[in-house]
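One structure below.
2 protein chains.
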Amino acid sequence: MFQTVTKTLLVSSSSLVYRSICQSLRHYCNQSSTKLRVSEALAGAELGKNVRVQGWVRSVRPQKKNIFLHVNDGSSLQSLQVVGGAELSDPLLTFGSAVEVTGTLRKSPHPQQPVELGADQIHVVGECNSVDFPFKIKERHSLEYIRQLPHLRCRTNVFSSLLRVRSEATTAVHSYFKSNGFLQIHTPTITSNDCEGAGELFQVEPSGPDFEEEVNFFSVPAFLTVSGQLHLEVMSGSFSRVYTFGPTFRAENSQSRRHLAEFFMVEAEISFTQSLEDLTKVMEGMFRSTTEHVLAHCADDVGLFHKHVTPGHRDRVDAMLKQSFPVITYSEAIDILNRSSENFTFPTDWGCDLKTEHEKYLVKHCGDVPVFITDYPYDLKPFYARDNQDQPKHTAAAVDLLVPGVGELCGGSLREERLSLLKARLEDVGLEEIYSWYLDLRRFGSVPHGGFGMGFERYLQCILGVNNIKDVIPFPRFSHSCLL
Amino acid sequence: MFQTVTKTLLVSSSSLVYRSICQSLRHYCNQSSTKLRVSEALAGAELGKNVRVQGWVRSVRPQKKNIFLHVNDGSSLQSLQVVGGAELSDPLLTFGSAVEVTGTLRKSPHPQQPVELGADQIHVVGECNSVDFPFKIKERHSLEYIRQLPHLRCRTNVFSSLLRVRSEATTAVHSYFKSNGFLQIHTPTITSNDCEGAGELFQVEPSGPDFEEEVNFFSVPAFLTVSGQLHLEVMSGSFSRVYTFGPTFRAENSQSRRHLAEFFMVEAEISFTQSLEDLTKVMEGMFRSTTEHVLAHCADDVGLFHKHVTPGHRDRVDAMLKQSFPVITYSEAIDILNRSSENFTFPTDWGCDLKTEHEKYLVKHCGDVPVFITDYPYDLKPFYARDNQDQPKHTAAAVDLLVPGVGELCGGSLREERLSLLKARLEDVGLEEIYSWYLDLRRFGSVPHGGFGMGFERYLQCILGVNNIKDVIPFPRFSHSCLL
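Quick mapping for you: the protein sequence lines, in order, are chains A and B.
One rule links them: number in my numbering = place in the first sequence (from 1) + 16.
One rule links them: number in my numbering = place in the second sequence (from 1) + 16.
Laid out in structure tokens, this is it:
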């Protein structure tokens with residue numbers, strides 16, 4: 017009975033009075049309709065039934081006899097087509113407005129969509145003034161433009177797709193580690209360590225007048241973590257396999273397309289290793305399984321990037337997954353660079369750090385697929401890297417994974433588990449006292465172990481073909497920018 | 017053949033020479049034995065087969081004819097019993113040392129364990145000097161004692177159990193949200209917002225001489241997040257259900273058993289809400305499903321806490337799960353407090369903040385189960401809480417979940433989605449300009465929404481019965497303490 021009343025009212029008016037009556041009737045009507053997400057509706061749930069869908073209008077097309085809407089609630093890239101009689105038209109039904117639609121879910125006569133919602137009621141929940149709204153209907157806004165609007169950019173197709181991919185990739189990373197027997201550890205964000213022994217740290221102190229500047233809140237200087245490695249190494253003395261996945265920080269004064277001041281890192285540590293292969297297997301396994309999961313579970317969202325952002329990128333990703341990643345030593349890499357006819361800006365002598373131009377060349381040389389570089393010069397690596405004890409070219413058991421378009425994606429090493437060697441190296445750099453707790457790990461039941469870290473944003477750049485790292489993180493932080 | 021050689025050698029000597037030969041033979045022997053985790057061995061995998069297990073010695077019992085070890089690799093609370101001939105004895109086989117054992121997995125004659133490993137070889141991978149090692153065999157060390165050793169405490173039974181529970185509870189939280197259609201958002205750690213409008217913030221600035229003190233790295237003052245709520249609200253304008261799970265910070269000068277400077281928080285935001293019940297349903301659902309998951313998947317680990325740390329706590333947890341959580345309004349809570357015969361230190365007039373003593377009483381009054389308190393005085397709540405527009409007792413649609421032993425576990429509210437009301441309140445407190453982006457969310461397609469946060473460490477305290485919050489996080493940070 018109430019539904020008939022509503023329908024009659026809908027026909028007779030779209031005035032304020034109608035909206036108020038409609039609202040008061042809404043509660044009753046809602047009782048008889050099933051609330052559905054757009055993705056559920058598109059999958060054909062409740063076909064032929066009375067349903068209720070809530071979301072935001074992505075397009076409006078009023079015609080003589082009908083009004084057509086596309087409603088999206090973030091559950092999928094595809095929106096649900098809503099068809100209503102012309103009497104449901106409302107000047108407040110604009111691009112960006114929020115609506116609740118009640119009606120019957122039915123098969124669509126159009127081949128582009130499986131179903132459509134034949135609307136009995138369209139209620140505008142929240143208005144959106146098209147003149148002020150910075151996104152315009154049917155326009156494809158550039159990534160640069162939407163980046164300026166961090167509070168609204170999730171309302172675009174491209175950024176909501178990115179966020180769905182990011183969420184799904186996160187799930188896939190956790191699930192890879194869980195199914196491979198790794199324990200998740202929440203390594204700390206605030207730390208009194210300086211893992212790399214290098215600068216570029218953010219320091220942390222309470223703000224406000226309650227705290228005297230002279231005394232540290234923590235009694236010691238405290239920093240934002242640059243890596244959870246040392247904390248994971250603690251854990252690898254009790255659990256054979258551990259990982260962490262969280263925010264990591266660098267106070268780098270850089271506006272580069274590959275650097276952020278705050279980024280997410282996946283780090284793992286494995287005990288009882290025998291060689292670098294124990295690490296490369298996990299790195300490759302994680303890359304493969306996460307990518308396959310994302311391609312399978314976010315086909316539409318990934319497709320948007322591969323179609324509109326970097327056309328042709330899908331072929332590149334498929335090529336990456338085709339065969340196992342090649343492994344070359346640093347020494348072989350140097351030979352390859354020296355044999356090439358390329359004119360490099362930076363030197364390529366044995367002992368030099370590999371620069372972006374070198375990494376790019378090596379990846380191309382290996383067939384534009386991810387490539388492992390192993391056994392770097394001992395002197396290039398931090399104190400914890402395991403000494404290979406070779407000569408005359410003295411190397412450490414370290415490994416990087418370079419990927420097309422991005423460069424360094426992962427970095428790892430076996431860790432020096434031999435107390436005497438580690439102690440000597442720490443003494444050399446005058447850090448023996450600060451790291452006495454770290455030496456303890458080698459004093460008590462030390463085991464050969466190693467680990468690696470992967471920049472999660474770079475991973476997303478790599479598989480989606482996104483040029484700028486700022487476009488793959490919800491709220492990018494970099495020098496001179498901390499919006500919201 | 018090699019195995020015979022090894023056995024002969026094992027019988028003849030336990031000298032350094034033996035160990036060196038043994039090591040070189042190890043590679044060959046490893047080829048023929050399957051590497052197993054302790055948990056897999058205990059589950060009876062590869063029964064009757066030649067296997068290899070790596071881990072740390074939790075007990076050593078040399079007898080006349082045999083040596084008995086318990087080896088643990090962190091995959092379960094229970095260790096694997098290893099039985100070897102007396103000839104496998106080695107002075108380096110001490111509590112805490114790391115070993116690799118090869119042998120045959122067989123049914124155990126003892127009822128306490130399903131299987132045991134009949135050792136052919138025991139190789140000490142890493143020594144552990146029992147005199148220096150701060151944990152002693154067969155001693156049950158107090159939580160206070162092991163807390164002083166953050167780099168080693170994961171090697172105790174109790175703390176490795178805690179870490180397994182924590183990892184599993186994390187998995188359960190993610191899985192609850194995923195299966196309920198929530199998208200995971202990585203909200204930022206560094207922010208230029210001050211969500212609560214209150215102090216107790218950590219400020220972030222680069223350390224070192226490269227950066228001039230006068231100019232902010234981010235061009236604006238930047239802080240560690242106290243809540244991802246506002247960032248989630250951004251997302252709730254495009255996705256109907258979002259959540260975040262990560263580190264959160266308070267520069268509270270507190271040594272309390274319930275506070276940390278860095279803690280983990282689960283936060284969720286839900287669009288198209290109709291009432292607070294839309295939030296309490298999710299809060300209760302998450303609590304229930306996570307707890308049931310942990311009880312089912314970490315029975316041994318949880319059992320250790322319920323048996324040795326807080327005897328009898330299991331009954332309390334079971335009682336919590338028995339029926340739905342009671343809901344009372346703040347006004348009802350005040351009535352209950354005023355009707356009680358208890359002598360409270362703090363006032364209980366309508367409008368007062370509920371203190372720990374009040375929360376404790378209310379939880380007891382409701383039967384020592386989790387209890388929701390709703391509709392707090394409007395003036396007690398931050399600017400974003402939704403105005404109930406009631407009088408004379410003016411309230412906001414806010415809700416807290418109080419739990420036995422811990423007090424406030426969750427806090428949430430419906431958010432003020434009505435532009436005019438929100439704008440007026442922000443104008444009142446002079447924050448209209450700073451939060452103009454937040455007002456934008458109400459200008460463009462605003463929807464009724466709400467959310468909540470749960471302190472993850474407090475949750476673990478609640479289900480395990482752990483008194484001090486420092487004992488449920490891998491590396492606790494609080495005033496005057498930032499170890500490692």
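C-beta atoms are modelled at their ideal positions from N, C-alpha and C, and glycine is treated no differently.
- Within chain A, the residues placing a beta-carbon under 7 Å from that of B/L457 are H167, ordered along the chain.
- Considering only A/E432, A/M336 and A/K376, the residue with the shortest C-alpha distance to A/A349 is A/K376.
- A direct Cα-to-Cα measurement between A/E56 and A/S91 gives close to 9 Å.
- Contacts with chain A (Cβ-Cβ distance below 8 Å) from the stretch 431–443 of chain B involve E433, listed in chain order.
- When DSSP states are grouped into helix, strand and coil, A/Q477 belongs to the helix group.
- Against chain A, a Cβ distance below 8 Å from B/F239 picks out S223.
- Beyond the five residues adjoining it in sequence on each side, B/V250 comes within less than 8 Å, by CB distance, of L457 in the same chain, given in chain order.
- A/S356 has its alpha-carbon roughly 23 Å from the corresponding atom of A/M336.
- For A/D444, the secondary structure class from DSSP, reduced to helix, strand or coil, is helix.
- At least 8 Å separates the beta-carbon of A/E283 from that of A/G253.
- DSSP places A/G253 outside both helix and strand once states are collapsed to three, so it counts as coil.
- Within the stretch 236–283 of chain A, the complete alpha helix (DSSP H) segments at least 4 residues long are 245–251, listed from N- to C-terminus.
- Assigned with DSSP and collapsed to three states, A/Y400 falls in coil, not helix or strand.
- For B/N173, the enclosing alpha helix (DSSP H) has its first and last residue at N173 to S195.
- Among the residues facing chain A, B/D148 is included, as its CB has a counterpart in that chain under 8 Å away.
- Between the stretch 465–481 of chain A and the stretch 426–434 of chain A there are three or more inter-stretch CB-CB distances shorter than 8 Å, so the stretches are counted as touching.
- Comparing C-alpha distances from B/Q407 to each of B/R257, B/R304, B/V419 and B/D391 shows the shortest one belongs to B/D391.
- The beta carbons of A/V69 and A/L133 sit closer together than 8 Å.
- Here B/W366 carries a coil assignment [DSSP, helix/strand/coil].
- Proximity to B/N269 across B/F84, B/V325 and B/S495 peaks at B/S495, based on C-alpha coordinates.
- When C-beta distances to chain B are compared with 8 Å, the residues of the stretch 244–265 of chain A below that value are L246, H247, V250, M251, G253, S254, F255, S256, G262, P263 and F265, in chain order.
- Note on geometry: alpha-carbon atoms of B/W366 and A/V54 lie some 44 Å from one another.
- Unbroken beta strand (DSSP E) runs of no fewer than 3 residues, entirely contained in the stretch 310–368 of chain A, are found at 343–345, following chain order.
- Chain B places a beta carbon closer than 8 Å to that of A/L199, counting this residue as a contact.
- Bridge pairing for B/D416: B/I389 and B/G427 [DSSP].
- The residues F341, P342, I344, L378, V379 and L418, in chain order, have a CB closer than 7 Å to that of A/V387 in the same chain once the five nearest residues on each side in sequence are set aside.
- In this structure, A/F303 sits away from A/Y259, with a CB-CB distance that is not shorter than 8 Å.
- Check the Cα spacing between B/M281 and each of B/E143, B/L311, B/I489 and B/P327: the tightest is with B/I489.
- One thing to note: B/S208 has its Cβ within 8 Å of the Cβ of B/V236.
- The residues A185, A188, V189 and Y192, in chain order, have a CB closer than 7 Å to that of A/T306 in the same chain once the five nearest residues on each side in sequence are set aside.
- Taking C-beta atoms as the reference points, A/L121 and A/V73 fail to come closer than 8 Å.
- Linking A/Y400 to A/F255 through their CA atoms gives a straight-line distance of about 19 Å.
- When C-alpha distances from B/L246 are compared across B/N483, B/E449, B/R274 and B/G466, the shortest belongs to B/G466.
- For the stretch 50–65 of chain A, the set of residues with a beta-carbon nearer than 7 Å to any beta-carbon of chain B comprises R53, in chain order.
- Annotated three-state conformation of A/L499 is coil, per DSSP.
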